[in-house]
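The structure appears below as structure tokens.
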Amino acid sequence: SLRLSYCKSVTAKAFHCLGLHSRCLQSIDLQQSEFQVEGLLEFLENHGKQIRQILFTHGLKNDRILAAVSRGCCPDLELLEVNKRLDSKDGELPVCMQQLQMACPKLKTFRMLNVRPLHKTMRNGAASSTGSGFPLLEELCIATTAYSYMTDRDL
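Count along the sequence shown starting at 1, add 15, and that's the number in our numbering.
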């Protein structure tokens with residue numbers, strides 16, 4: 016397990032070394048930390064199959080992390096938590112739920128804290144033939160300090 020809270024300037028080299036020397040790493044918690052997104056993306060592309068938990072703070076660059084997870088970089092992911100700094104102005108989280116459902120069928124816990132999901136649709140517009148939803152989901156947390164604009168349809 017790796018937990019970096021309130022760290023600054025975590026480099027791509029650090030993620031590269033992590034990939035070389037941490038073959039059993041299953042959990043990455045980067046909440047409230049600043050890091051080179053490209054380094055984490057490369058790590059997830061090469062070693063995401065071993066990751067079971069990922070927690071990070073939402074930001075413009077960090078949206079690429081969720082996109083990588085939605086592309087299937089972490090097929091055995093069980094916990095995904097995305098939060099936002101309370102003093103941050105950007106609270107929209109672009110996410111394609113259909114794609115995330117297909118990419119993370121083992122997801123048990125999905126937390127979106129102080130972010131508003133901005134629903135994206137799949138490019139081809141096709142619905143999943145494998146069914147919908149997260150079949151193993153035990154916890155869905157959508158918590159915000161402001162009105163979330165969530166409706167029954169969103170759920």
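All residues carry an ideal CB built from backbone N, CA and C; glycine is no exception.
Sixteen is the threshold: when 16 or more other Cβ atoms of the shown chains lie within 10 Å of the Cβ of Q116, as they do, the residue is buried. Buried is the label assigned to Q114, since at least 16 other Cβ atoms lie within 10 Å of its Cβ. Taking Q51 as the centre and dropping the five residues before and after it, the same chain places the C-beta of T26, A27 closer than 6 Å to its C-beta, in chain order.
CA-CA distance, F71 to L95, rounds to 9 Å. Along the stretch 32-91, the beta strand (DSSP E) occurs as fully enclosed runs of 3 or more residues at 42-45, 68-72, listed in sequence order. Secondary structure of L115 (DSSP, three-state): helix.
Rounded to the nearest whole angstrom, the C-alpha separation of T160 and C22 is 25 Å.
The DSSP-derived three-state label of F149 is coil. Residue nearest to L128 within the set S37, G87, C89, E107 is E107 (criterion: CA-CA distance).
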